[in-house]
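Undergrad: Take this structure, written in structure tokens, and hold onto it; I'll ask about it next.
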Amino acid sequence: MLFVMLRYFHTSFAVTAVGLVLAWMIGGWVGLWVTFNLALLETSLSFDNAVVNASILKHWDEKWRRRFLLWGMLIAVFGMRLLFPLVIVGVIAQASPLPGPISLYEWAINGHWPASDVLTMAIMRPDHYAATLTSAHIEVTAFGGAFLMMVFWAFFLNREKREHWIKPLEAGLAHIGRLNMAAAILSLAVLLALASELPEHEAYRFLSAGLWGVVTYAIVESLGALLGDDGAAAKTGWSGFIYLELLDASFSFDGVLGAFALTKNIFLIVIGLGVGAMFVRSFTILLVEKGTLSTLRYLEHGAFWAIGSLAAVMLLAPLVHVPEAMTGGIAAVLIVVAALHSWWLNRREADRK
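Each residue of the sequence shown is one higher than the one before, starting from -19 at the first, in my numbering.
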């Protein structure tokens, strides 16, 4: 067990050590403690993401796995957990996310930094930055929730799916999947039903962002044919790479927003969430190389039920607040129960032989 931990998680432990040292340099012991908790929260909330990533990566060749685990990791840490929130605030505040050449020129000439970009706002006025980002909560959760809902439907509405964990329910969903555009129809119905419960100005924001989530999923699913990837769309090549990056973004939305409950320091947030993302990466590699999804037959099912629960929580967020810890707890329970059920079936079948 210790050998397995060292083999698959040595990079994650190294990144953790460096991250915690940086956190201590930035915020002292308090910063260290906050970063540790952020990493723990991100890791616990993203096990379902690791299982889904592994279910897709197992179909990839070694070249594309390496590309995702290297470049995808950099995009996940710095793109989704640092740049993407800056872009959101930049759109709301109508400001540049990062300092531009003019800011650098003014700093060189005048000796002071003009606070005109979002990164400066995040450093100098973290409360204002956090409030501005949180004001986009409806759009962020609606987009991410709709995208994850489409991922959920794609797995369970598959008419070719023969193995079911929760048999009556999953078999019924597979039967519904015979309808043309069943996933889009169900998703739009859910978005319209929820939007009708919101005030008019919030309903428009919610519905617009949710529709973009559905459209984005449809575009990514179609990229396989456009880019000439082999195999099913969103499973291999560039289409699969983009698909997994958007999936990671959807998983990270709640974590980024929820991190402000612990700290407003953007650097501690990036370090903590980045460390957590590294452990998810290591866990993904372990699942792929050990063939765990083949051994535990219902583990993948549990992960997609966890995705469905996360999508529901995100879409219900404008109406009902669910603590992030509870969201992660639901996902963890679903995955653990699916794994234990699979293990029990394996043992029973072995005893029969």
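The C-beta atom is built at its ideal place from N, Cα and C for all residues, glycine as well.
Report back the beta-carbon spacing between M130 and Y197 to the nearest angstrom; my notes put them in contact at under 8 Å.
TA: Between Y197 and M130 the Cβ distance is about 4 Å, and since that is below 8 Å, they are a contact.
Undergrad: Here's a check: name, in chain order, each residue in its chain whose Cβ is nearer than 7 Å to the Cβ of L266, leaving out the five neighbours to either side.
TA: Only Y(-12) meet the Cβ criterion.
Undergrad: Just the C-alpha distance for L290 and I315, rounded to the nearest angstrom, thanks.
TA: When rounded, the distance between both Cα atoms is 13 Å.
Undergrad: Looking at the unbroken alpha helix (DSSP H) that takes in V71, where does it start and where does it end?
TA: 64 to 73 is the extent of the alpha helix (DSSP H) around V71.
Undergrad: Going by C-alpha to C-alpha distance, which of G220, F58, L248, P148 sits closest to W40?
TA: Residue G220 is the option with its Cα nearest to W40.
Undergrad: Along the alpha helix (DSSP H) that carries L296, what are the first and last residues, could you check?
TA: Segment 279 to 296, the alpha helix (DSSP H) holding L296.
Undergrad: Tell me which same chain residues have a C-beta within less than 7 Å of the C-beta of L166, skipping the five on either side of it?
TA: Here the set comprises W133.
Undergrad: F353 and S230: beta carbons closer than 8 Å?
TA: Examination of residue 353 is not possible in this model, given that the chain is present from -19 through 333 alone.
Undergrad: Roughly how far, in whole angstroms, is the beta-carbon of I72 from the beta-carbon of S115, given that I think they are within contact range, below 8 Å?
TA: Going by Cβ atoms, the distance from I72 to S115 rounds to 7 Å, so yes, they are a contact pair.
Undergrad: Quick one: residues in its chain with C-beta nearer than 8 Å to the C-beta of R47, no 5 flanking neighbours on either side, listed in chain order?
TA: Contacts found: F221.
Undergrad: Pairs of beta-carbons, one from the segment 263 to 279 and one from the segment 17 to 32, closer than 8 Å: are there three or more?
TA: Flag = yes, the segment 263 to 279 and the segment 17 to 32 touch.
Undergrad: In or out: H181 buried (at least 16 other Cβ within 10 Å) or exposed?
TA: It is exposed - the Cβ of H181 has fewer than 16 other Cβ atoms within 10 Å.
Undergrad: In terms of residue numbering, what span does the alpha helix (DSSP H) encompassing L166 cover?
TA: Unbroken alpha helix (DSSP H) run through L166: 162 to 175.
Undergrad: How would you label G(-1), buried or exposed, when you count the other beta carbons within 10 angstroms and need 16 or more for buried?
TA: By the neighbour-count rule (16 or more Cβ atoms within 10 Å), G(-1) is buried.
Undergrad: Quick check on the DSSP output: the alpha helix (DSSP H) that includes A154 runs from which residue to which?
TA: 147 to 156 is the span of the alpha helix (DSSP H), which, as asked, contains A154.
Undergrad: By the DSSP assignment, the alpha helix (DSSP H) with G254 in it spans what residues?
TA: Per DSSP, G254 belongs to the alpha helix (DSSP H) from 246 to 270.
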